[in-house]
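Novice: This structure is in C-alpha cells; I'll ask about it shortly.
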Amino acid sequence: MAKKAGVSASTVSRALSGSPLISEPTRERIRAIAEKMAYTPNRQASLLARQKTLRLGFVVPYYKSIPPFSRSYFPALLNGLVTGAEEKGYSITIIVDTTGDTYKDLSKIVQSKEVDGLLLAINKINDLRIPELKKNNVPFVLINSYGKGFSSVDNNPLPGMTAAFEHLISLGHTTIGYISGDMHYYNAIDRLEAFKTLAEKFKVTTQVEVGNFSKTSGYYCAGKLLQGAPVTAIMTSSDREALGVLEYCRDHAIAIPDKVSVIGFDDLDPAAYVHPALTTIDNPVDETGKAASQLLIDTLETRTNDPRQIRLDTGFIIRQSTGKPHG
1 MAKKAGVSAS
11 TVSRALSGSP
21 LISEPTRERI
31 RAIAEKMAYT
41 PNRQASLLAR
51 QKTLRLGFVV
61 PYYKSIPPFS
71 RSYFPALLNG
81 LVTGAEEKGY
91 SITIIVDTTG
101 DTYKDLSKIV
111 QSKEVDGLLL
121 AINKINDLRI
131 PELKKNNVPF
141 VLINSYGKGF
151 SSVDNNPLPG
161 MTAAFEHLIS
171 LGHTTIGYIS
181 GDMHYYNAID
191 RLEAFKTLAE
201 KFKVTTQVEV
211 GNFSKTSGYY
221 CAGKLLQGAP
231 VTAIMTSSDR
241 EALGVLEYCR
251 DHAIAIPDKV
261 SVIGFDDLDP
271 AAYVHPALTT
281 IDNPVDETGK
291 AASQLLIDTL
301 ETRTNDPRQI
311 RLDTGFIIRQ
321 STGKPHG
C-alpha cells in the first residue's frame with residue numbers, strides 16, 4: 001500500500017489512524033488505495049501499537065468472612081461496569097484483592113499492559129495505595145469512595161434518607177434506631193452523618209449501634225436496639241443489615257411492622273422478596289458502575305489528569321416492613 005501511494009509505511013499507518021500530522025489530500029489518497037485493496041486493519045496490532053488493551057481492571061476487596069460475590073451489591077455493580085464499558089468498546093477484567101495488594105502490585109497490572117486503568121471499589125479511608133497510584137500516574141476511578149484530587153463516583157445518601165425520615169414521621173415514629181456500616185469506609189461515614197443531620201432536623205430521639213454492613217451485625221445490633229426501652233423503627237446502612245434485623249425479630253416473635261418498622265439501604269435483589277418485603281433506600285448501584293467505567297474511559301481517551309467527582313442521588317422505596325407504631 002505504501003509503495004502504491006508513494007509514501008512510507010509509517011505515513012500509511014498515521015493516515016489510517018487519523019493522525020493530524022498527515023495532510024488531507026494524502027490521507028484521502030491512502031484511504032482510496034486501502035478501499036481498492038479491501039484492507040482491514042488488524043485490531044490487535046493497532047491496539048499494541050497504541051499500547052492499549054481496551055480492558056479495565058475492576059479491583060474487588062476480598063474478606064474471608066464476606067466473599068464479595070456472595071453479596072448482591074458486587075454483581076449489581078459489575079453489571080453496571082460491564083454495560084458502561086461495552087458501550088465504549090471496552091471490557092472488564094476482575095482483579096480480586098486477596099492480600100491487600102500494595103500500590104506497586106496494582107501499578108504493575110497497568111504498567112504491564114494487562115489493563116488500561118483501574119476501578120477501585122469501596123476503599124478504606126486510610127488506604128495509602130490511592131495517593132501512591134495517583135503519584136505514579138496510574139489511571140483509576142474510586143467507587144463509593146472519594147478524596148481530594150481523585151476521580152470518583154459515589155452516592156448521595158441524603159435524598160433517600162430524607163424521604164425515609166419523612167415517611168417514618170408521617171407514620172408517627174419519634175424514636176428511631178440506626179445501625180451503621182463499618183466506620184473505616186467513606187460510605188458508612190456519609191450515611192451516619194446524614195442520619196444524624198436528619199435526626200436533628202426532625203427532632204427525633206435516636207440510638208445508634210455500629211455494625212459492619214453484614215447480616216450478622218444487623219442481627220446483633222437489633223438485639224441492642226430492641227431491649228430495654230426499644231425504638232419503634234430501625235434504619236440500617238445496608239440491606240444485609242436489615243435482613244439481620246428481620247431475622248432477629250422472627251427469632252424473638254417481634255412483629256414487623258406492628259412492633260418495629262425496618263428500613264434497609266441499597267434496594268438489592270433480596271429486598272423485594274423477603275417477608276415482609278423490605279422498605280429501603282434506593283442506591284443506584286447499576287448506574288454507579290456505568291458512570292464509573294465511562295468516567296475512567298473518558299480519562300483514558302482524553303488523557304486528562306483532572307480529577308472529576310460524580311455523586312448520584314439515592315431514592316426511597318416503600319414496601320411492607322414499615323407501618324404505624326403500636327407500642
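The C-terminal position of the sequence shown is numbered 327 in the UniProt record's numbering, with every residue numbered one higher than the one before it. Glycine included, every Cβ here is placed at the ideal spot set by N, Cα and C.
1) With DSSP run on the structure shown, which of helix, strand or coil describes methionine 161?
2) Would lysine 290 be called buried (16 or more neighbouring beta carbons within 10 Å of its own) or exposed?
3) Phenylalanine 202 by DSSP, collapsed to three states: which one?
4) Residues in the same chain with beta-carbon distance under 8 Å from proline 139, minus the five sequence neighbours each way, listed in chain order, please.
5) So what's glycine 228 in DSSP terms, helix, strand or just coil?
6) Valine 115 by DSSP, collapsed to three states: which one?
7) Ignore the nearest five residues each way along the sequence and tell me which others in arginine 287's own chain have a CB closer than 8 Å to its CB.
8) Rounding to the nearest angstrom, what Cα-Cα distance links lysine 196 and valine 274 in this structure?
9) Would DSSP call leucine 268 helix, strand or coil?
10) Taking 8 Å as the threshold (C-beta atoms), are serine 261 and glycine 181 in contact?
11) Tell me the DSSP secondary structure of valine 260 in three-state form.
12) Determine the closest residue to serine 23 out of Ile33, Ala32, Ala34, Thr11, with distance taken between C-alpha atoms.
13) Excluding the 5 residues flanking arginine 29 on each side, which residues of the same chain have their C-beta closer than 7 Å to its C-beta?
14) Can you tell me whether threonine 197 is helix, strand or coil according to DSSP?
15) Using alpha carbons as the reference points, say which of Ala233, Asp258, Leu171, Ser145 lies closest to asparagine 187.
16) Distance check for serine 170 and phenylalanine 202, CA to CA, integer angstroms please.
17) Bridge partners for proline 61 per DSSP, in chain order?
18) Specify whether the region 156 to 172 and the region 315 to 323 touch according to this definition: at least 3 beta carbon pairs, one from each stretch, less than 8 Å apart.
19) Are the region 204 to 211 and the region 171 to 179 touching, with three or more C-beta to C-beta distances below 8 Å?
20) State the Cα-Cα distance for the pair arginine 129 and leucine 106, rounded to the nearest angstrom.
21) Put valine 110 into one of helix, strand or coil per three-state DSSP.
22) Are alanine 194 and proline 157 touching if we call contact CB-CB under 8 Å?
23) Can you tell me where the alpha helix (DSSP H) with threonine 83 in it begins and where it stops?
24) What separation, rounded to the nearest whole angstrom, lies between the Cα atoms of serine 8 and leucine 77?
25) According to DSSP, is alanine 32 part of a helix, a strand, or is it coil?
26) Return the CA-CA distance between isoleucine 234 and alanine 242, expressed in angstroms with no decimal places.
27) If threonine 205 sits next to threonine 174, beta carbons under 8 Å apart, how far is it from one beta carbon to the other, in whole angstroms?
28) How should tyrosine 62 be labelled, buried or exposed, when 16 other C-beta atoms within 10 angstroms of its C-beta is the threshold for buried?
Specialist: Checking against the coordinates, here is how it stands:
1) helix
2) buried
3) helix
4) Val110, Asp116, Gly117, Leu118, Leu296, Thr299, Leu300
5) In the structure shown, glycine 228 falls within a coil segment according to DSSP collapsed to helix, strand and coil.
6) Correct three-state label for valine 115: coil.
7) The amino acid at residue 287 is misidentified as arginine; the sequence shows glutamate. Excluding residues within five positions, the ones whose Cβ falls inside 8 Å are Gly80, Leu312.
8) 28 Å
9) coil
10) no
11) coil
12) Thr11
13) Ala5
14) helix
15) Ser145
16) 11 Å
17) Asp97
18) yes
19) Segment contact: the region 204 to 211 against the region 171 to 179, three or more CB-CB distances shorter than 8 Å; contact assigned.
20) 9 Å
21) helix
22) yes
23) 73 to 87
24) As the crow flies, the alpha-carbon of serine 8 is around 47 Å from that of leucine 77.
25) DSSP places alanine 32 in the helix class (H, G or I) of the three-state scheme.
26) 8 Å
27) 6 Å
28) Exposed.
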